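Novice: When we follow this note's numbering, the leftmost residue of the sequence shown carries the number -6, and every step to the right adds one. No residue lacks a Cβ here, since even glycine has one placed at the ideal position from N, Cα and C. Model, not experiment: these values are computed from the prediction.
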Amino acid sequence: MDNRLKLSVHQLVDFVLRTGDIDNRIFNRSSMNEGTRIHAFYQSKQGVNYLSEYLLGGTFYNSGYTIFLEGRADGIIIDGAFAIIDEIKSTVVEL
-6 MDNRLKLSVH QLVDFVLRTG DIDNRIFNRS SMNEGTRIHA FYQSKQGVNY
44 LSEYLLGGTF YNSGYTIFLE GRADGIIIDG AFAIIDEIKS TVVEL
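This is the structure in structure tokens:
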């Protein structure tokens, strides 16, 4: 039996949260498009040490399974010997 799994972070979250919803907001195409536009604008204004939509992945071993998990970070900021993961969130609600 081959105990290897390859999953995206999205697939893992969908599986773990099969029922219910941790987010009860209502989305529409217009607000999603606006969020995407703001997201891209923010990324375009970052410096040369910023890597947009950066693919990350890792292999984990647990209970006889080899699990390769991959996902995309909104951005990675390279700061000397350190890398900072940038997760972008936007809202239409006044803060």
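1) Please report how far the alpha carbon of G40 lies from the alpha carbon of I70, in whole angstroms.
2) Using CA atoms only, rank isn't needed, just tell me which of N42, T52, Q36 is closest to G73.
3) Quick one: what's got a C-beta closer than 7 Å to G51's C-beta in the same chain, skipping five residues either side?
4) Given this structure, state the Cα-to-Cα distance separating H32 from Q4, to the nearest angstrom.
5) Cα separation between N26 and Y35?
6) So, is G57 buried or exposed, given that buried needs 16 or more other C-beta atoms within 10 angstroms?
7) List the endpoints of the continuous beta strand (DSSP E) containing T92.
Specialist: By the coordinates alone:
1) Translated into positions along the sequence shown, residue 40 becomes position 47. Translated into positions along the sequence shown, residue 70 becomes position 77. Approximately 9 Å between the Cα atoms of the pair.
2) In the sequence shown, counting from the first residue as 1, residue 73 sits at position 80. Comparing Cα positions, the closest option is N42.
3) Taking the sequence shown and counting its residues from 1, one reaches residue 51 at position 58. Take G51, set aside five residues on each side of it, and the residues of its chain with a beta-carbon closer than 7 Å to its own are L62, in chain order.
4) As a first step, residue 32 is located in the sequence shown; it is residue number 39 there, counting from the start. As a first step, residue 4 is located in the sequence shown; it is residue number 11 there, counting from the start. Here the alpha carbons of Q4 and H32 stand approximately 22 Å from one another.
5) The residue given as residue 26 occupies position 33 in the sequence shown. The residue given as residue 35 occupies position 42 in the sequence shown. Cα to Cα, N26 sits roughly 14 Å from Y35.
6) For this step, residue 57 is matched to residue 64 along the sequence shown. Result: exposed.
7) In the structure displayed, the chain extends from -6 to 88; residue 92 sits before or after that span and is not available.
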